[in-house]
């Protein structure tokens, strides 16, 4: 049996991972001189973090380094357990590159080790949906080769839609200009973002008012769900749970049996979106382009 591994940016509840014996490596965030570990709330209160970014504090994030991945992978390699790491998009973080480097280093000492690295090309609940699929594949009896083949063939079907309530964080992240941020704030412009084929965030449209942006997230997701209305859908938010409920309610209004779960966004993504980001994730029948 192979071991499924992931990271804290999948934004799934720790209990969900533990119930299926999925281990996760933690990403890091820094506020001033305070180092925080995204360990699913064991050492920090995510809502306290949201209050800080809502007040305008700009955290910094660092990628997980090679040494951390070596420490994470090594016990399984030493016990001759095949592993598959279902990881945060390489288009958004250099951490996946660190994971691949750790793999190469371990193979020098353990040439027979079976270490697979899967770039989900996703973040937050999108990565979470991929981890949930990984769990289902393993429980269905899929071999490791079948597991990796499914991801290669299907991960581009994942649809990810985001909106933010504070344009300043997109400006500081280099995604929009200072002028666009200032003008958009005055005009109540709300951006709609997705994740492109390279696993990077991109702005795809703009709308006026918060409510319209939330409805657009829901409507785009409903379009993707036509191929499978029974599939699980994840909505995530950096603190604006009321807004997340608006998205969930609109989906359920059209598909009453929809399985929609709401989870908090972890510190890494929240550091770059600010307070009030809302995102929704589902599988479609057409690859993202």
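Residue numbers (UniProt numbering): 1 to 289.
Ideal Cβ placement from N, Cα and C applies to all residues, glycine included.
Just so you know, these numbers come straight off a predicted model, no measurement behind them.
At which residues does the beta strand (DSSP E) containing residue i begin and terminate?
i           : result
residue 138 : Run containing residue 138: none in the beta strand (DSSP E); it sits in the alpha helix (DSSP H), 125-139.
residue 30  : 28-31
residue 268 : Counting along the chain, residue 268 falls outside any beta strand (DSSP E), though it belongs to the alpha helix (DSSP H) covering 267-273.
residue 36  : 34-37
residue 282 : 278-283
residue 190 : 189-195
residue 7   : 3-7
In the structure shown, what three-state DSSP assignment does residue i receive?
i           : result
residue 203 : strand
residue 159 : strand
residue 85  : strand
residue 259 : strand
residue 114 : coil
residue 92  : coil
residue 143 : coil
residue 226 : coil
residue 58  : coil
residue 121 : coil
residue 221 : helix
residue 101 : helix
residue 148 : helix
Can you list, in chain order, the residues of its chain with a C-beta nearer than 7 angstroms to that of residue i? Leave out the 5 residues immediately preceding and following it.
i           : result
residue 186 : Here residue 186 scores only 45 on pLDDT, less than 50, and its place in the model should not be relied on; the value that follows carries that caveat. Taken in chain order, the list of residues that qualify is empty.
residue 99  : 69, 85, 87 and 117
residue 179 : Because residue 179 sits at a pLDDT of 49, beneath the cut-off of 50, its placement in the model cannot be relied upon, and the point is left open.
residue 164 : 170, 191, 273, 274, 276 and 277
residue 248 : 235, 260 and 262
residue 90  : 96, 97, 119 and 199
residue 182 : Below a pLDDT of 50, predicted positions are generally treated as unreliable, and residue 182, at 44, falls in that range; no measurement from the model is reported.
residue 166 : 274, 275 and 276
So, residue i versus residue j, is the Cβ gap smaller than 7 angstroms?
i           : j           : result
residue 279 : residue 151 : no
residue 23  : residue 66  : no
residue 238 : residue 275 : yes
residue 82  : residue 112 : no
residue 263 : residue 11  : yes
residue 216 : residue 207 : yes
residue 147 : residue 137 : yes
residue 283 : residue 158 : yes
residue 59  : residue 31  : yes
Just to confirm the assignment, what range does the alpha helix (DSSP H) spanning residue i have?
i           : result
residue 288 : That residue, residue 288, is in no alpha helix (DSSP H); it is neither H nor E in DSSP.
residue 247 : 241-254
residue 370 : The requested residue 370 does not occur in the structure, where the chain is confined to residues 1 to 289.
residue 75  : 66-78
residue 237 : Taken as a continuous stretch (DSSP letters only), residue 237 belongs to no alpha helix (DSSP H), being part of the beta strand (DSSP E) at 232-237.
residue 15  : 14-19
Below 6 angstroms CB to CB, which residues in the same chain sit around residue i once its five sequence neighbours on both sides are set aside?
i           : result
residue 38  : 8, 26, 27, 266 and 267
residue 94  : 63
residue 285 : 227
residue 254 : 222
residue 124 : 11, 236, 265, 269 and 279
residue 72  : 25
residue 44  : 36
residue 229 : 255
Residue i and residue j look like a contact to me (Cβ under 8 angstroms); what is the Cβ gap, rounded to whole Å?
i           : j           : result
residue 87  : residue 109 : 22 angstroms between Cβ atoms; not a contact.
residue 246 : residue 214 : 5 angstroms
residue 126 : residue 160 : 4 angstroms
residue 4   : residue 134 : 5 angstroms
residue 252 : residue 258 : 5 angstroms
residue 29  : residue 61  : 5 angstroms
residue 204 : residue 219 : Incorrect: roughly 13 angstroms between the Cβ atoms, too far for contact.
residue 49  : residue 14  : So it is not a contact: roughly 16 angstroms between Cβ atoms.
residue 92  : residue 2   : Not a contact, Cβ separation roughly 26 angstroms.
Who are the near neighbours of residue i in its chain, counting only those whose CB is closer than 8 angstroms to its CB and skipping five residues on each side?
i           : result
residue 107 : 113 and 115
residue 156 : 121, 197, 287 and 288
residue 78  : 110
residue 233 : 221, 225, 251, 258, 259, 260, 261, 280, 281 and 282
Nearer than 6 angstroms: is that true of the beta carbon of residue i relative to any heavy atom of the ligand MN?
i          : result
residue 33 : In the structure shown, the ligand MN is absent, as is every other ligand, since no ligand is present at all.
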